[in-house]
Structures are given as C-alpha cells and as structure tokens.
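Going by the working numbering, the first residue of the sequence shown is number 135, and it counts up by one from there.
Using N, Cα and C, we set each Cβ at its ideal position, and we do this for glycine too.
Quick caveat: nothing in here was measured; it's all calculated off a predicted structure.
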Amino acid sequence: MLLLLLTLVLTVGATAQQTTQAKNPQTLWIQNGERQIYGVLNRPQQSQARMPLVIVSHGFNGSHHFAKDYFEPLAEMGYMTYAFDFPCGSLRSRSDSNTMNMSILDEQSDLCAIVQYFRSQPYVDQDRIILIGESQGGLVSALAAAKMPHEVSRLVLIYPALCIPDNWNARYPRLEDIPDTTRLWNVPMGRRFFEEVRDLKVFDSIRAFRRPVLIIQGDADGIVSMDDSRRAVQIYEDARLHVIPGAGHGFKPHERAEAIRQIRSFL
C-alpha cells in the first residue's frame with residue numbers, strides 16, 4: 135500500500151517585501167533565488183522589540199490557510215507566526231501552482247531561506263525560531279532543521295511523512311519505472327520529485343538536529359506509520375511523542391485543539 139503525502143542547499147541573500155492587508159496579519163513575500171514565496175505574518179497585538187517566531191509548513195497540496203488555527207494561541211504566548219505556500223507545493227499555491235515541479239529539496243531550500251530571512255530582521259528573536267511542519271511539511275521541516283541545527287531552536291512535527299522516500303521507492307523500485315507524470319489524488323507530479331527522494335536517507339539526516347522535538351500523531355493514521363514517529367523519537371537526542379487516540383491523518387477540531395495544547399506546553 136502506497137502511504138503518504140498530505141499536505142524545504144540554502145540560497146544566500148533571501149530578501150522580502152511586505153504589504154499590509156489589514157492590521158493583522160500581513161502579507162509577506164520572501165525570495166529564495168528566483169523563487170517567490172507567498173506568506174502571511176501574524177504578530178501579537180502587544181508586540182515587543184524582538185519577538186519569537188514560529189514558521190509553519192503545510193503538507194502535500196496544502197496551503198498557508200491550515201496554519202491559521204495557530205495564530206491566536208501563539209499570539210497569546212507572544213509568538214509571531216509565519217505561514218506560507220510552497221512554490222509548486224499545491225494546486226492552490228499563491229507562490230507557484232505548477233505541481234509538476236514539486237520537489238522536497240526545493241522545499242527544504244525554501245524553508246531554510248525563510249529562516250535566514252527572519253534571522254536578519256531586527257524584530258525577530260534569533261534564539262527562538264521554531265518550525266512546525268505537517269505531513270510532507272513535517273518531513274521538510276525535519277530536513278531543514280537538520281540543515282540549520284543552530285538556527286532553529288525547537289521543532290514540532292505533526293504526523294510527519296518521514297516515509298516519503300521509502301514509499302515511493304517501493305512504488306518505483308527502478309529509475310526506469312518512474313513515469314513522466316504521476317498523479318496523487320489528481321495532483322500531477324513530475325519525474326524529478328521521485329528521482330530526488332531515491333537516495334534521501336531521512337533518519338540518517340534528521341539526527342543532526344539535537345534541540346527539543348515534539349511529534350504529534352494519531353494512532354488511527356492510515357497514511358503515515360506510527361513506527362516512523364517512534365523511530366524518530368529514538369533517533370533524536372531530545373524528543374517526545376504525543377499520541378492522540380483515534381486521530382487520523384488530518385485532525386478534527388477537538389484533535390487540533392489537543393495538538394495546540396501540547397504545542398503550547400512544549401514552547
């Protein structure tokens with residue numbers, strides 16, 4: 135059974151421009167080389183000179199919208215939240231909706247560029263930049279944190295799809311088995327996605343991040359195996375796993391509320 139994929143090589147010199155849609159949140163575009171990344175930045179009403187920041191990465195074919203549940207509870211704790219659309223990560227992406235160019239490595243690079251951008255901003259507490267990633271965004275967040283182990287202070291993985299390489303390698307065991315176009319839930323994906331993940335050793339890579347990690351997953355997840363999350367907890371130096379009984383891949387409102395309570399406690 136093919137599991138997966140719900141819904142970031144660092145490029146130097148990330149820049150941004152921002153416009154205010156309303157008082158809160160603000161539209162914020164961040165540039166990674168030639169890639170333009172659309173996102174929104176939510177700030178607490180009572181802002182301080184330098185504030186901690188949470189960067190939220192969506193899953194396969196998702197968007198920044200899923201992160202809005204985090205805005206209010208994190209703002210109450212004094213955290214800014216940045217949610218964005220991965221270029222080519224979704225048919226609904228405001229950054230780039232061409233999913234034929236979807237790439238885990240590009241998404242890792244994008245997330246690293248976002249972290250670097252915010253580290254250059256005078257209103258951000260550089261010592262408190264947290265990543266939250268859901269599903270495929272969880273895999274990307276884990277890889278980005280491992281790439282930037284001193285720049286990311288904490289990591290939260292929501293039913294992380296650490297299984298992506300193994301799943302697709304099982305589906306396409308040889309390079310010649312990979313078609314030009316693969317459709318997952320009617321989302322077209324090009325050959326590059328599957329060629330790049332063939333040699334991606336997720337569990338060897340993520341151990342480079344040695345700061346606190348929280349993994350949240352439901353024990354009824356039919357997409358991502360609990361075994362991968364348990365394995366990750368054993369690999370990370372400082373990690374905990376919170377299991378939500380009966381929750382699947384994608385939380386219901388009361389399950390999302392429980393996850394947010396766990397994140398508040400973790401932070």
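Item, Value
"Quick check on Trp319: does DSSP put it in helix, strand or coil?", "coil"
"Check Leu375 in the structure and name its three-state DSSP category.", "strand"
"What are the uninterrupted segments assigned as beta strand (DSSP E) that are 3 or more residues long and contained completely in the segment 201-235, given in chain order?", "214-218"
"What does DSSP give as the partner residues of Gly173 in its beta bridges?", "Phe218"
"Just to confirm the assignment: which complete beta strand (DSSP E) runs, minimum length 3, are found wholly within the segment 283-336?", "288-292, 315-318 and 321-324"
"Mind checking which residues open and close the beta strand (DSSP E) that includes Arg262?", "Val258 to Glu268"
"Decide yes or no for the touch test of the segment 268-284 against the segment 180-196: beta carbon pairs closer than 8 Å, at least 3 of them.", "yes"
"So Gln351 and Val358 are supposed to be a Cβ contact under 8 Å. How far apart are they, rounded?", "7 Å"
"Just mark Gly223 as buried or exposed, buried being the case when its beta carbon has 16 or more other beta carbons within 10 Å.", "buried"
"Looking at the structure shown, is Ile357 part of a helix, part of a strand, or coil, going by DSSP?", "coil"
"Pro387 lies in the alpha helix (DSSP H); which residues open and close that run?", "Pro387 to Phe400"
"Measure the C-alpha to C-alpha separation of Ala381 and Asp311 and round it to an integer number of angstroms.", "34 Å"
"Is it the case that the Cβ atoms of Tyr216 and Gly167 are separated by a distance below 7 Å?", "no"
"Based on the DSSP secondary-structure assignment, which residues constitute the bridge partners of Ile349?", "Leu291 and Leu375"
"How many angstroms separate the CA atom of Phe385 from the CA atom of Tyr204?", "13 Å"
"Nearest-angstrom Cα distance between Arg326 and Leu239?", "10 Å"
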